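Protein chains in written order, with my numbering: chain A, 19 to 227; chain B, 19 to 227.
Every residue, glycine too, gets a C-beta built ideally from N, C-alpha and C.
Since we're looking at a predicted model, the values are computed, not measured.
Here's the structure, in structure tokens; my notes come after.
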DNA sequence: AGAATTATCCCTGTAAAAGGGGATTTTTTA
DNA sequence: TAAAAAATCCCCTTTTACAGGGATAATTCT
């Protein structure tokens with residue numbers, strides 16, 4: 019009996035290409051493509067795909083949100099993540115959510131087919147570039163510093179351009195306190211000033227935008 | 019006699035998909051795909067394609083540089099630009115360099131085929147979203163402000179935590195000048211202070227990290 | 001319950017940025 | 001080549017951040 023693949027990807031060119039690839043190379047696998055996260059989640063309820071090819075950059079929701087939602091309902095889902103940009107924190111978050119494989123859109127067709135087969139057979143596949151990213155995490159100076167809730171809160175408000183006094187008013191605390199948090203953030207991130215603090219925080223994916 | 023299309027695109031998935039599309043829908047058009055700007059320029063010398071499908075985000079050079087170089091040597095080249103992100107100033111620059119059409123990678127297959135045929139027959143094709151961008155040039159919501167080279171340079175140094183004086187020393191200019199650039203950056207990004215400036219710049223992918 | 005961490009508040013300087021003005025020269029573009 | 005844009009330099013005032021201490025209350029964790 020044929021297996022079923024769900025492609026969640028908003029670029030028709032890409033999803034067409036992948037389903038074409040699958041149809042002409044993996045006979046026993048049927049394909050269904052959707053172009054939004056919402057319709058992907060809906061499809062999960064009516065059908066039960068054996069594998070999901072998930073684009074990380076969806077128009078309506080992030081791949082991370084999709085995965086969180088999907089794997090909450092179907093814990094042993096097989097997911098192969100597709101990405102065009104290599105951002106450490108995104109890859110790490112996806113890994114933490116238990117994706118079974120990771121390939122880049124710049125991968126060649128052989129690699130994509132291999133990744134699909136591997137994941138479908140219960141294995142894991144990570145493209146070289148992605149493995150490199152994960153390796154360099156260790157050698158990469160310091161990981162993300164461990165912040166307290168309050169520090170994250172203050173950090174976000176700082177990056178939104180609020181002054182110590184404005185943050186103080188918003189959080190109903192004294193400006194001295196905000197200044198303390200700010201200083202601790204500078205130390206934890208080994209940042210010279212607010213500018214480098216915000217840049218480093220952004221590079222770690224700590225800021226929403 | 020068959021016509022020839024050159025696809026300059028570093029994502030094999032995308033170029034495969036497009037050449038597949040062409041082969042099964044436009045019989046009289048042959049395809050050749052390259053994955054770097056350099057090899058694309060080299061191909062131009064040995065062959066004479068009737069149309070170029072050009073990705074704007076190439077690994078080795080920008081689509082703008084490619085186009086400048088290519089159209090200097092072959093003035094009446096037909097070029098259909100492909101882009102995944104809609105950035106006003108990029109679109110405008112490409113327009114100024116005389117591309118014959120503009121489509122997004124999120125376009126559906128019908129639109130892509132229509133665009134190819136139109137351009138091949140001497141017409142121009144601009145996808146709806148691109149037309150919208152050009153119309154809405156006043157309302158700049160999701161558009162990145164147009165920065166000068168110097169401003170980008172100063173912006174990056176600011177985000178690395180350098181002070182005006184340090185930047186001045188590095189660029190061999192006065193700190194007053196750096197301050198001017200900084201003020202212009204704040205205005206262009208509509209940022210309250212350095213912190214929000216860096217955050218916004220990061221959100222637009224203007225910072226390397 | 002005790003220890004460790006977190007959150008809070010306080011002071012004094014100095015350095016830097018932000019806000020408000022200018023102006024001139026150099027480079028790019030039409 | 002003329003006009004426009006970019007890059008450069010200048011001054012003054014006020015606000016904010018940064019560096020350097022220090023201390024106590026409130027949580028969390030073991």
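Output needed for residue 88(A): all residues of its chain with C-beta closer than 8 angstroms, excluding positions within five of it in sequence on either side, in chain order.
58, 59, 62, 70, 95, 97
Throw me the rounded Cβ distance for the residue 177(A) and residue 23(B) pair, which I believe falls under 8 angstroms.
Their Cβ separation, rounded to whole angstroms, is 46 angstroms, which puts residue 177(A) and residue 23(B) out of contact at 8 angstroms.
So residue 79(B) packs on residue 116(B), CB below 8 angstroms; how close in whole Å?
Actually they do not touch by this definition, with Cβ atoms about 18 angstroms apart.
Going by DSSP, which residues form a beta bridge with residue 143(B)?
119(B)
Answer yes or no: does any C-beta atom of chain B fall closer than 8 angstroms to that of residue 160(A)?
With a pLDDT of 42 at residue 160(A), under the threshold of 50, the predicted position of this residue should be treated as unreliable, though the coordinate-derived value follows. Interface flag for residue 160(A) against chain B is unset, since no Cβ pair is found closer than 8 angstroms.
Identify, in the order they occur along the chain, each residue of the same chain with its Cβ nearer than 6 angstroms to the Cβ of residue 228(B), setting aside the five sequence neighbours on each side.
Outside the shown range of chain B (19 to 227) lies residue 228(B), about which nothing can therefore be said.
Could you work out which residue in 206(A), 219(A), 74(A), 138(A) is closest to residue 111(A) when comparing CA atoms only?
74(A)
Can you find a CB in chain A that lies within less than 8 angstroms of the CB of residue 50(B)?
No, its Cβ sits nowhere closer than 8 angstroms to a Cβ of chain A.
Since residue 136(B) is in the alpha helix (DSSP H), which residue starts that stretch and which ends it?
127-138
Check whether the Cβ of residue 227(B) lies closer than 8 angstroms to any Cβ atom in chain A.
yes
Restricting to Cα atoms, I'd like to know which of 149(B), 34(B), 92(B), 127(B) is closest to residue 125(A).
34(B)
Who are the Cβ neighbours of residue 37(A) in its own chain at under 7 angstroms, not counting the five residues just before and after it?
Within the same chain, residue 37(A) has close Cβ partners 25, 49, 51.
Using a C-beta cutoff of 8 angstroms, does residue 223(A) count as contacting chain B?
no
Using a Cβ-Cβ cut-off of 8 angstroms, state whether residue 123(B) counts as contacting chain A.
Residue 123(B) counts as touching chain A.
Ignore the nearest five residues each way along the sequence and tell me which others in residue 46(B)'s own chain have a CB closer than 7 angstroms to its CB.
Only residues of its own chain outside the window of five on either side were considered, and among them 20, 21 have a CB closer than 7 angstroms to the CB of residue 46(B), listed in chain order.
Against chain A, with Cβ distances strictly below 8 angstroms, would residue 211(B) count as a contact?
yes
Could you tell me whether the Cβ of residue 217(A) comes closer than 8 angstroms to any Cβ of chain B?
yes
So, helix, strand or coil for residue 76(A), using DSSP?
coil
In or out: residue 114(A) buried (at least 16 other Cβ within 10 Å) or exposed?
exposed
Measuring only the C-alpha atoms, how far is residue 144(B) from residue 219(B)?
One alpha carbon belongs to residue 144(B), the other to residue 219(B), and they sit about 29 angstroms apart.
Using a beta-carbon distance below 8 angstroms, is residue 136(B) in contact with chain A?
no
Please state whether DSSP places residue 212(B) in a helix, a strand or coil.
When DSSP states are grouped into helix, strand and coil, residue 212(B) belongs to the helix group.
My guess is that residue 127(A) and residue 39(A) are in contact by the Cβ rule of under 8 angstroms, so how many angstroms apart are they, rounded?
6 angstroms
Pick from 121(B), 179(B), 85(B), 132(B): whose alpha carbon is nearest that of residue 29(A)?
121(B)
Please determine, among 150(B), 208(B), 215(B), the residue with the shortest C-alpha to C-alpha distance to residue 179(B).
215(B)
So, at 6 angstroms on beta carbons, what are the nonlocal neighbours of residue 118(A) in its own chain, with the 5 sequence-adjacent residues on each side left out?
96, 97, 137, 142
For residue 199(A), count the other beta carbons within 10 Å of its own beta carbon; 16 or more makes it buried, fewer makes it exposed. Which is it?
buried
Just by C-beta distance, which residues in the segment 54-81 of chain A are closer than 7 angstroms to chain B?
none
So, is the C-beta of residue 101(A) closer than 8 angstroms to a C-beta in chain B?
no
Strictly below 7 angstroms CB to CB, what residues from chain A border residue 185(B)?
What residue 185(B) touches in chain A: nothing, since even the nearest Cβ is about 11 angstroms away.
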